[in-house]
Amino acid sequence: MGRNGLFGNFQGLDAFGKTMEDVKIRTRTGALLTFISFSIIITSIMLEFIDYRRIHLEPSIIVDRSRGEKLVIEFDMSFPKVPCYLLSLDVMDISGEHQTELEHHISKTRLDKNGRALETVEGGQLKGDVERQNLKRDPNYCGSCYGASPDESGCCNSCEAVRQAYARKGWSFSDPSGIEQCVEEGWEDKIKEQNTEGCQIAGRVRVNKVIGNLHFSPGRSFQHNMVQMMDLVPYLRDNNHHDFGHVIHKFRFGADLTAAEEATVLPKEAKWRNSLMMRDPLQEVAAHTEESQYMFQYFLKVVSTNFVALNGEEIPSHQYSVTQYERDLRQGNAPGKDSHGHMTSHGVAGVPGVFINYEISPMKVIHTETRQSFAHFLTSTCAIIGGVLTVASLVDSFIFSSSKKLKGISDDGFGAPGGKML
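The numbering of the sequence shown is this note's numbering, which starts it at 49 and goes up by one.
This is how it looks when you write it as structure tokens:
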């Protein structure tokens with residue numbers, strides 16, 4: 049064995065060769081490179097630490113496997129030329145579920161000619177006048193349906209009940225002035241008073257998570273032989289101009305949550321959406337027309353979007369894209385030239401109003417919060433230190449070697465042709 053024992057034979061494998069202080073050559077250039085190297089190392093490590101502490105969002109797309117879920121549609125729209133008594137909202141979907149004349153969770157605000165609010169009526173208060181009128185009548189009162197089809201009670205105790213009976217029969221509700229209930233409720237006077245007004249309708253609708261549409265329409269809707277029809281009664285055709293020009297203040301899709309869940313989830317959802325600059329495409333969209341027989345259609349593609357926080361908390365949301373289509377209904381479904389001069393025909397005559405058709409995407413987008421691991425930070429730090437020092441050593445060696453050649457200094461046995469020391 050060598051004098052250094054068992055490990056003495058492995059000295060040749062030492063990758064960390066040492067030098068004596070007497071043979072070290074120190075230069076001003078080396079000092080400058082050392083200062084620059086440490087500055088770069090400190091700056092790079094600080095930036096790496098900031099990146100290590102920063103939270104990143106990683107998007108991914110998966111198949112939406114949810115079944116039987118509900119969606120909540122929140123909306124706020126203004127119709128400057130449609131009075132509130134003339135405006136109704138219906139919802140239909142591909143599963144066959146129809147919600148007609150929605151009033152629950154819906155509010156209507158009467159607007160004057162200048163768009164100022166006059167009166168807001170909540171959905172639960174829409175029948176207040178009828179209820180007050182019923183209190184004045186005999187408890188055993190049973191109003192006539194004038195030959196139309198009554199409901200289960202067999203009576204029509206309000207003007208609205210008569211209108212619905214007419215709808216079930218398939219008749220046009222043409223002259224309310226000859227109907228006792230309508231005269232007592234002052235329908236015609238209310239209609240004349242509001243003829244020049246507009247309406248702002250706002251609220252929320254709970255729908256199935258399938259293809260469907262919202263329809264803001266004139267008059268009251270009813271169904272006859274499973275086909276939706278519009279009760280465009282003659283008494284609504286006054287001398288005032290009504291059209292479905294509109295402004296969409298808000299239109300968004302949300303998850304079906306309880307009131308307690310909404311109080312905690314909605315603020316977090318808004319924060320997430322703001323951080324990603326997600327905006328609802330229909331927000332503050334305005335459409336204008338001078339024609340009463342005019343139809344606006346919006347085709348929406350809705351994509352479920354979830355946000356997953358670092359702690360695993362999942363916040364549901366939705367985003368959508370939209371395509372707009374407008375159609376003049378004065379020619380019905382007769383062929384005519386479109387804006388490009390092409391002859392175009394329509395399969396159906398169409399109905400004036402605003403149709404918002406939505407389709408649910410089978411894909412789901414997930415934004416997941418991530419942060420670099422400490423091992424990644426440690427590895428990056430070592431790579432920075434080693435890389436900077438290696439490059440600095442190569443630069444210093446090149447400068448020192450070039451300087452020696454320029455000065456004509458020969459090797460004295462202690463230096464190396466490519467560096468400052470052995």
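Virtual Cβ for every residue (Gly too), placed ideally from N, Cα, C.
Assumed close pair Ile110, Ile363 - CB separation to whole angstroms, cut-off 8 Å: The pair is not a contact, with the Cβ atoms about 16 Å apart (cut-off 8 Å).
Please classify Lys118 as buried or exposed, where buried requires at least 16 other C-beta atoms within 10 Å of its C-beta. With fewer than 16 other Cβ atoms within 10 Å, it is exposed.
Within 10 Å of its beta-carbon, does Leu159 have 16 or more other beta-carbons around it, so buried, or fewer, so exposed? buried
Can you tell which of Glu245, Gln229 and Gly360 has the C-alpha that lies nearest to the C-alpha of Arg164? The option with the nearest alpha carbon to Arg164 is Glu245.
Span of the alpha helix (DSSP H) holding Thr77? Arg76 to Arg101
Beta carbon of Tyr133, beta carbon of Gln212: below 7 Å? no
Can we say the segment 222 to 239 touches the segment 98 to 117, given the rule of at least three CB pairs closer than 8 Å? no
Simplified DSSP assignment, three categories, for Tyr133: Helix, per DSSP.
Mapping the DSSP letters down to three states, classify Gly176 as helix, strand or coil. Residue placement at Gly176 is flagged as unreliable, the pLDDT there being 46, under the threshold of 50; the coordinate-derived value follows with that caveat. Here Gly176 sits in helix by DSSP.
Cys247: buried (16+ other C-beta within 10 angstroms of its C-beta) or exposed? buried
Quick one: what does DSSP say Pro315 is sitting in, helix, strand or coil? It is helical.
Quick check on the burial criterion: 16 or more other C-beta atoms within 10 angstroms. Buried or exposed for Val439? exposed
Using the Cβ count rule (16 or more neighbours within 10 Å means buried), how would you classify Arg254? Under the 10 Å beta carbon count, Arg254 is surrounded by fewer than 16 other beta carbons and is classified as exposed.
Alpha carbon to alpha carbon, how far is Tyr368 from Lys412? Give it in angstroms, no decimals. 12 Å
Simplified DSSP state of Phe448, which is helix, strand or coil: helix
Can you tell me whether Val281 is helix, strand or coil according to DSSP? The predicted model places Val281 with a pLDDT of 47, which falls under 50 and marks its position as unreliable; any figure quoted below should be read in that light. Coil.
Skipping 5 residues on each side, what residues in its chain have a beta carbon closer than 6 Å to that of Ile447? When the five nearest sequence neighbours on each side are left out, the beta carbons in the same chain lying within less than 6 Å of the beta carbon of Ile447 are those of Thr77, in order along the chain.
Is Ser143 near Val313, with beta carbons less than 7 Å apart? no
Quick one: which unbroken beta strand (DSSP E) runs of 3-plus residues sit fully inside the segment 139 to 163? Chain order, please. Whole beta strand (DSSP E) segments, 3+ residues: 154 to 159.
Quick one: Cα of Lys453 to Cα of Asp444, how far? Distance between the alpha carbons of Lys453 and Asp444 is about 14 Å.
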